[in-house]
Amino acid sequence: MKTKVVSFLASGRGSNFRAVAGRIRDGHIPARTGILICDRRDAGAFAIADEFGMKSYFVDPKAYTDRRSHEEVVVRLLREHGTDLVVAAGYMRLLTPYIIGEFRSAIINVHPALLPAFPGVHAQ
């Protein structure tokens, strides 16, 4: 059986990303890490990806005219790296039906609060 590739979307310091990727690295989750994609250039998650030896990408939403165009680039990168499961680990963007459809039944959202009612790092 092929080992599943888990890739990550993050926006901030990366504590949720570290927790899940660390469990994969330590063998507690039977998978291998793929890539990290951030929508903020200053996301702390980039340092964690470096620490774990993972490729990471900044995909600037402001560089695209709409959400779909931005997500098309995100999906392309995820596919290029063989992603089987996407973990949105503190990713602070609403995902459109496009990306949800591309990874139907293969996206997990890890966030400490109910969105959109309680956004932000200190929501809980």
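So the sequence shown is numbered by our numbering: it starts at -6 and just counts up by one. We put the CB at the ideal spot given by N, CA and C, even for glycine.
When DSSP reads this structure, residue 102 sits in a beta bridge with 81. Taken through DSSP and simplified to helix, strand or coil, residue 28 comes out as strand. Residue 71 has its alpha-carbon roughly 8 Å from the corresponding atom of residue 27. Counted as a single uninterrupted DSSP element, the alpha helix (DSSP H) harbouring residue 67 occupies residues 60 to 73. Taking all protein chains in view, the Cβ of residue 98 is surrounded by fewer than 16 other Cβ atoms within 10 Å, so the residue is classified as exposed. The beta carbon of residue 18 sits closer than 8 Å to the beta carbons of 26 and 45 from its chain, once the five residues preceding and following it are set aside; these are given in chain order. Secondary-structure assignment with DSSP links residue 50 through a beta bridge to 30. Judged by DSSP secondary structure, residue 1 falls within the beta strand (DSSP E) whose first and last residues are -2 to 3. If the five residues before and after residue 7 are omitted, its C-beta is found closer than 6 Å to the C-beta atoms of 37, 38 and 41, all from its own chain and listed in chain order. The continuous alpha helix (DSSP H) containing residue 93 extends over residues 90 to 95. Within its own chain, the residues whose Cβ lies closer than 8 Å to the Cβ of residue 61, once the five positions on either side in sequence are excluded, are 89 and 91, listed in chain order.
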